[in-house]
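Enquirer: Starting off with a structure, shown below.
There are 2 protein chains.
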Amino acid sequence: MGKKLAKPKSQTPAAPSRVIITHVHPEIEGGRFPAKRVEGDIVAVTADIFTDGHDLISAVLLSRRQGESAWTESPMRGLVNDAWTGSFAVREQGIYEYTLQGWVDHFKSWQRNLAKKAEARQDVLTDLKIGAQLLEDGSRRAASEGAAAAAQKLNEWASLLRGSQSATASSGGGPAIDAAAATELALSGEVTALMAQYPDKRLAAVYDPVLQVVVDRARAGFSAWYEMFPRSWSSEPGKHGAFRDCEAHLPYIAAMGFDVLYLPPIHPIGHTYRKGKNNSPVAGPDDVGSPWAIGSEEGGHKALHPQLGRFEDLERLIARARDHGLEIALDIAYQCSPDHPYAKTHPEWFLHRPDGSIQYAENPPKKYQDIYPLNFESEHWQSLWEELKSVVLFWIGKGVRIFRVDNPHTKPFAFWEWLIREIKAEYPEVIFLAEAFTRPKVMQQLAKLGFSQSYTYFAWRNTTQELTEYFTELTRSEMAEYFRPNLWPNTPDILTEYLQSGGRPAFMARLVLAATLGANYGIYGPAFELCENKPLAPGMEEYLNAEKYEIRSWDLSRSDSLKELIARVNRARKENPALQSNSNLLFHKLDNDQLIAYSKMTADRSNVVLVVVNLDPRWAQSGWVNLPLEDLGLSPYIPFEIHDLLTGARYTWRGPRNYVRLDPNAIPAHLFRVGRPRSG
Amino acid sequence: MGKKLAKPKSQTPAAPSRVIITHVHPEIEGGRFPAKRVEGDIVAVTADIFTDGHDLISAVLLSRRQGESAWTESPMRGLVNDAWTGSFAVREQGIYEYTLQGWVDHFKSWQRNLAKKAEARQDVLTDLKIGAQLLEDGSRRAASEGAAAAAQKLNEWASLLRGSQSATASSGGGPAIDAAAATELALSGEVTALMAQYPDKRLAAVYDPVLQVVVDRARAGFSAWYEMFPRSWSSEPGKHGAFRDCEAHLPYIAAMGFDVLYLPPIHPIGHTYRKGKNNSPVAGPDDVGSPWAIGSEEGGHKALHPQLGRFEDLERLIARARDHGLEIALDIAYQCSPDHPYAKTHPEWFLHRPDGSIQYAENPPKKYQDIYPLNFESEHWQSLWEELKSVVLFWIGKGVRIFRVDNPHTKPFAFWEWLIREIKAEYPEVIFLAEAFTRPKVMQQLAKLGFSQSYTYFAWRNTTQELTEYFTELTRSEMAEYFRPNLWPNTPDILTEYLQSGGRPAFMARLVLAATLGANYGIYGPAFELCENKPLAPGMEEYLNAEKYEIRSWDLSRSDSLKELIARVNRARKENPALQSNSNLLFHKLDNDQLIAYSKMTADRSNVVLVVVNLDPRWAQSGWVNLPLEDLGLSPYIPFEIHDLLTGARYTWRGPRNYVRLDPNAIPAHLFRVGRPRSG
């Protein structure tokens, strides 16, 4: 039942509340930003709540969907050291609000004191009269809330307490009971429960500010992405692929168990200063250019590259993908080629050089003459913002609900905060992934202001120590409240040295790490499953013959493809709820630095997954894993079964120390389900 | 020169600032509470400041005294990882405000890009034209601020840049210079400095909220307190002492080096339910009662106990104390004896029992019938607050500026916040010490809301581990910003088990710990210097024959008195600035848990003090101290002299590990000044 917070009117202002509510969690920058959850989550809220002196207090958590006027109350429970905790469920997408209310509970304090006095066999007749008054006050509150039966009950009890007499005194007529019986009644569960329903909140404190939590659909918290260049998927090598070619390959991608299919920009590509193969500054006549050089005479951000197909083709791809359990994600890259229509129709959105030409992108001494950045400091910023919003709405209109945002850190934070809030107010199901590999504070700010998921430094965290430190920060610091990591072992721009030098074993290790350390992860394929690892030049992270600049043709049937392993990993993710969130990630001690071990489990510990990965792509490594059995719900005396979901092998372990050996030339990882395996 | 933050008017709203300012320190609960400093301090402020993209930013710290309209700007300096730092001086008592301003610095960015292009020998003629525009804009800003000379200079440079030609081109007439010379000019210190004076702040971000720091006088941060019961200081044993008797003992107290002389309540004492000796519930006819049972027919909180003297006696004591470098602190205990005038004149300020009598204090099953607590939830809370404020103002009128507040945690937090703010608005020099030994969050809240100093758990932190953990929290956590510890090894209520069992060596150890771990400390004397350590009963922390309930007579000339040691310790505190603040407290490793070692040093490391204490009051203990020489400004190769300020002994140490041995039967502590001793 909803409650409003209106205070009773009074002639003189009531005394300020004696209750302090502080250190509320989650609370990001004093409530400036919302926390993030997915639908169905339980939001646990903790706070320090206390009052002066020795009186007892009570507190409730108040929550509501944004826009509702009434609050729902959930009880809060005192822990140690003035910390309190409570929770509320977020069942639907959108924004929820929450705050806390606490008050000095005179009735509860009175009960405590009465119990102590009774125990010390002190005279309590005066106390019972005071209690009668408290019950009568409660009765009036019940009556004013229309609870006539409760009001009457409370009044009856009040009469009994008021009329009670000491056991030694002679009892007259009327409803008198002796003090011992009155004490017992006053401390009874029945009285306690009814008074708790009608507490005296006249001097209650309400936490200010009201805090928010953004509730996304489940996929924002758990997803497996597959990135592909549609133009490379033609069945005829060298020919420009189209949406229809993608359609044909949906079963291939779905069989690996992905649920998001992300396409780089699908718009017309500029020809002025078009980049050639291998990022050459000069393009040949047949060079297709980078999809991120958006816009030509054929259109801009709301147009399709003619060779990919028409809108009906895209819409059919979206529908067919859905049939395969795949959702299409598009790329939002707010930048223009010199041939973009905006350059002619809206020159005011760009910075101009003294000669009147539009300023191209540069990072001196490098020039990027194929790109015109938008000028967000333009006097015409408002029309620019509106236009950019209309781009997102346009693709929403085509059925797209997931956007991977290119280089968000090169556009103003205030713009993103506005854009995402505007879009999600109308379409709360939209997911924005921030592609930013930049300074930590910048990446955090993008996540705080609203991005649903974020790229991370995962690609460059290779050792046990690096991974442990980074994922402890991601899952144990305040970042866990607002930053949802999406882990990519590779991207079209990033081929790490580890993958270059480690080859297939390295790809396998990084796959398992990405898919199990993070509830959200993705790969750039087929480069990933085919272990593409030749760099443009030694020491560079760019690919040789990068798909960004040319059409590639992939032999998907190669026998060394990782597609089977990927399918097993994604199946393990789907079947084990422990892998579907980032909380409860625990790293375990091992006596070999080349191995990393960690577990994840559900809050009720019904599902426990243990992962061990050999980070050395060359040699077999072995060691002893130390498990905190109690934390994992295991007995040190009873053997437990572990089931490797990658190989199907089953082992029986016992006690905290157990031996593992992983050969990178087979599979460099264990992905164990711990405990008695369920069916399947 | 002060600056205002008014923004230029414009037809269309300017684009939102691209600069983010976040994670500002100090900032307590989002600016809800002020940080604390003392006059003369430098307030260092750090924040994360960044923008999107690759532009450079500039930032300033803005500060002012509360009430001033103009801000003073101090430059901020970028550190690593988007952290910035700046500082401002707080020269006077009162409240200062501060905030931050940051902006994208297009001129600085342009200079950086120009330098890179010039280094890469690219053509920069277009860039120089862009720079000319930036200089002209700067010139206009200078002109609008009335800086005609600067405006002209900037315009001249702009002309040079605009007219520059590539070195190969033939130079016509006019002021043309070649591009290399123009670049050199544009990057010169002269141009940089002048442009930095007239930055383009149109799109600057200003941090919201404005933050505050309360600046107290120096004594709030550095003080040595001596607590005494005036009635025990008569020269005639057993006779009720008076202010005049205290006067006679001022030289004794001053010789020990204290600067605050704190008197328990000096008001008339109630006789109803007066407590007898040793807290007996029944007082004999000669029992003097507890000074905290305030009020009788002779007056309440604004009256003097007749046997102590008259107001002129108090005022003379205050003046004489000042002559000895001692400031009198009074006790504020907002509670009443049943005989207090308020009980008759303002019954509405108390809670009443069903029989109409006023509710006495209780902590069931204990009753404190000699005390009536005030009811802060009364409808008449406003007149109560005003009256309580008038009590403080009354004693301020008598010349008192330091108040030790009894049991502040049993009165509402909102009341204290109001009271302290009201008093300090008029009398910023007033110091309030919170006597609260209660839950950590409650003690923190009292300090946050305004108490200048706070009692601590020091009395119960005895081991190396306990002391290290507690003082790390006090000096390294956010508490350092608002919680000024005042360390008391004993009080009239607290005789710890450590002092009871450890005797004189324990008193010496605790003295040195209190006086050197905390810039503020105090002792309850003469019980302390005479090592009074008999408990009321085994296992109790109360004194036998507690001075709270009876007149004691002390033999100040006893040969085992610690007064000489106390004088040496207080002299060391006065002569070593390192001991006058709590920052830079560093604990050092030792291979013997019975010993504790720590150092304090001034920010410039010109004064370094090293303390080693034997915590075992029974046996001599020895061990090796490990010093972080580099942190202390010492060389590992050059011997350094240490001078024990307690014994006068001098030693030469070398390297990080040095041997100490402390015998509790001599002096269980070293208080070393490190480095070449200065005179004296």
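Top to bottom, those sequences are chains X and R.
Residues are numbered in our numbering as their position in the first sequence, beginning at 1, plus a constant of 2.
Residues are numbered in our numbering as their position in the second sequence, beginning at 1, plus a constant of 2.
Each residue gets a CB set at the ideal place from its N, CA and C atoms; glycine is no exception.
None of the values given here were measured: they were computed from a predicted structure.
1) Within its chain, find whatever has a CB closer than 6 angstroms to the CB of Thr440 (chain X); leave out the 5 residues flanking it on each side and keep chain order.
2) Could you check whether the Cβ of His348 (chain R) sits closer than 8 angstroms to any Cβ belonging to chain X?
3) In whole angstroms, what is the alpha-carbon distance linking Gly399 (chain R) and Glu317 (chain R)?
4) Name the chain X residues that come within less than 8 angstroms of Val444 (chain R), Cβ to Cβ?
5) Interface residues of chain R around Asp1 (chain X) at Cβ under 8 angstroms?
6) In three-state terms, what does DSSP make of Leu497 (chain X)?
7) Which residues in the same chain as Ile433 (chain R) place their Cβ atom closer than 6 angstroms to its Cβ, once the five residues preceding and following it in sequence are excluded?
8) For Gln103 (chain X), decide whether its Cβ has a neighbour in chain R, counting only Cβ atoms nearer than 8 angstroms.
9) Give the C-beta separation of Leu469 (chain R) and Ile669 (chain R) to the nearest angstrom, bearing in mind that I take them to be a contact with Cβ-Cβ under 8 angstroms.
10) Of the choices R:Tyr457, R:Pro507, R:Ala580 and R:Val216, whose alpha-carbon is the least far from that of Ile422 (chain R)?
11) Can you list, in chain order, the residues of the region 200-231 of chain X whose Cβ is nearer than 8 angstroms to any Cβ on chain R?
12) Taking Cβ-Cβ distances shorter than 9 angstroms, what residues in chain R pair up with Phe485 (chain X)?
13) Counting only C-beta atoms, is Thr383 (chain R) closer than 8 angstroms to chain X at any point?
14) May I ask whether a heavy atom of the ligand FAD can be found less than 7 angstroms away from the beta carbon of His354 (chain X)?
15) Inspect the beta-carbon positions of Lys155 (chain X) and Arg486 (chain X) and report whether they are closer than 8 angstroms.
16) Which residue from R:Leu189, R:Val613, R:Glu566 and R:Gln446 puts its Cα closest to that of Leu588 (chain R)?
17) How is the alpha helix (DSSP H) around Gln447 (chain X) delimited, first residue to last?
18) If we count the other Cβ atoms within 10 Å of its Cβ and call it buried at 16 or more, is Gly541 (chain X) buried or exposed?
19) Using the Cβ count rule (16 or more neighbours within 10 Å means buried), how would you classify Trp556 (chain X)?
20) How would you write the range of the beta strand (DSSP E) that Leu265 (chain R) sits in, first residue to last?
21) Three-state secondary structure (DSSP) at Tyr254 (chain X)?
22) In three-state DSSP terms, what is Trp294 (chain R)?
23) Taking the C-alpha atoms as reference points, what is the distance between Ala689 (chain R) and His590 (chain R)?
24) Under the three-state reduction of DSSP, which class applies to Asn616 (chain R): helix, strand or coil?
25) Between Pro340 (chain X) and chain R, is there a C-beta pair that is closer than 8 angstroms?
26) Can you give me the Cβ contacts of Lys119 (chain R) inside the same chain, cut-off strictly under 6 angstroms, excluding the 5 residues immediately before and after it?
27) So, under 8 angstroms CB-CB, Asp315 (chain R) and Ala244 (chain R) are touching, yes? Tell me the CB distance rounded to an integer number of Å.
28) Could you list which residues in chain X have their beta carbon closer than 7 angstroms to that of Gly32 (chain R), in chain order?
29) Check whether the Cβ atoms of Phe415 (chain R) and Gln384 (chain R) sit closer than 8 angstroms, and answer yes or no.
30) Closer than 7 angstroms between beta carbons: that is the criterion. Which residues of the region 407-421 of chain R meet it against chain X?
31) Taking its Cβ as the centre, do 16 or more other Cβ atoms sit within 10 Å of Ala122 (chain X), making it buried, or is it exposed?
32) Where DSSP assigns a beta bridge to Leu63 (chain R), which residues make up the other side?
33) Quick check on the DSSP output: what are the complete alpha helix (DSSP H) runs of length 4 or more inside the region 335-381 of chain X, in order along the chain?
34) According to the Cβ coordinates, are Ser563 (chain X) and Leu532 (chain X) closer than 8 angstroms?
35) The beta strand (DSSP E) with Glu643 (chain R) in it runs from where to where?
36) Please confirm whether Arg93 (chain R) has its beta-carbon closer than 8 angstroms to some beta-carbon of chain X.
Expert: If we stick to the structure as given:
1) Taken in chain order, the residues that qualify are His411.
2) No, His348 (chain R) does not count as interfacial toward chain X.
3) Each residue's alpha carbon lies about 10 angstroms from the other.
4) Within chain X, the C-beta atoms nearer than 8 angstroms to that of Val444 (chain R) come from Phe52, Asp54 and Asp84, in chain order.
5) The structure shown has nothing for residue 1 (chain X), since chain X only spans 3 to 682.
6) Looking at Leu497 (chain X) - three-state DSSP - the assignment turns out to be coil, as it is neither helix nor strand.
7) Scanning its chain for C-beta atoms nearer than 6 angstroms, with the 5 sequence neighbours on each side dropped, one finds around Ile433 (chain R) the residues Ala222, Ile404 and Ser454, in chain order.
8) Answer no: the Cβ-Cβ gap between Gln103 (chain X) and chain R never drops below 8 angstroms.
9) Actually they are not in contact, since the Cβ atoms of Leu469 (chain R) and Ile669 (chain R) sit about 19 angstroms apart, beyond 8 angstroms.
10) The shortest C-alpha separation from Ile422 (chain R) is found at R:Val216.
11) The residues in question are Leu205.
12) Contact annotation for Phe485 (chain X) against chain R: no contact, minimum CB-CB distance about 14 angstroms [criterion: below 9 angstroms].
13) One detail in the question is off: residue 383 (chain R) reads as Trp in this sequence, not Thr. With 8 angstroms as the cut-off, Trp383 (chain R) counts as an interface residue toward chain X.
14) Questions concerning the ligand FAD fall outside what the structure shown contains, since it holds no ligand whatsoever.
15) Not closer than 8 angstroms, so no.
16) Among R:Leu189, R:Val613, R:Glu566 and R:Gln446, the Cα nearest to that of Leu588 (chain R) belongs to R:Val613.
17) Residue range Pro442 to Leu451 is occupied by the alpha helix (DSSP H) that includes Gln447 (chain X).
18) With a threshold of 16 other beta carbon atoms within 10 Å, Gly541 (chain X) falls short and is exposed.
19) Trp556 (chain X) comes out buried.
20) Residues Val262 to Leu265.
21) Here DSSP, grouped into helix, strand and coil, assigns Tyr254 (chain X) to helix.
22) The DSSP-derived three-state label of Trp294 (chain R) is coil.
23) What the structure shows of chain R is the stretch from 3 to 682, and residue 689 (chain R) is not part of that stretch, so it cannot be assessed.
24) Strand, per DSSP.
25) No - not a single Cβ of chain R is within 8 angstroms of the one on Pro340 (chain X).
26) Excluding positions up to five away in sequence, the list reads Val126.
27) The Cβ separation is near 7 angstroms, so the contact holds.
28) Simply Gly32.
29) No. Outside cutoff.
30) From the region 407-421 of chain R, only His411, Thr412, Lys413, Pro414, Phe415 and Ala416 have a Cβ closer than 7 angstroms to chain X.
31) Ala122 (chain X) counts as exposed, since fewer than 16 other C-beta atoms from the protein chains shown sit within 10 angstroms of its C-beta.
32) DSSP lists R:Ser76 and R:Leu102 as the beta-bridge partner residues of Leu63 (chain R).
33) Entirely contained in the region 335-381 of chain X, the alpha helix (DSSP H) runs reaching 4 residues are, in chain order, 343-347.
34) Yes, the Cβ-Cβ distance between Ser563 (chain X) and Leu532 (chain X) is below 8 angstroms.
35) For Glu643 (chain R), the enclosing beta strand (DSSP E) stretches over residues Phe642 to Asp646.
36) Under the Cβ criterion of 8 angstroms, Arg93 (chain R) is not counted among the residues facing chain X.
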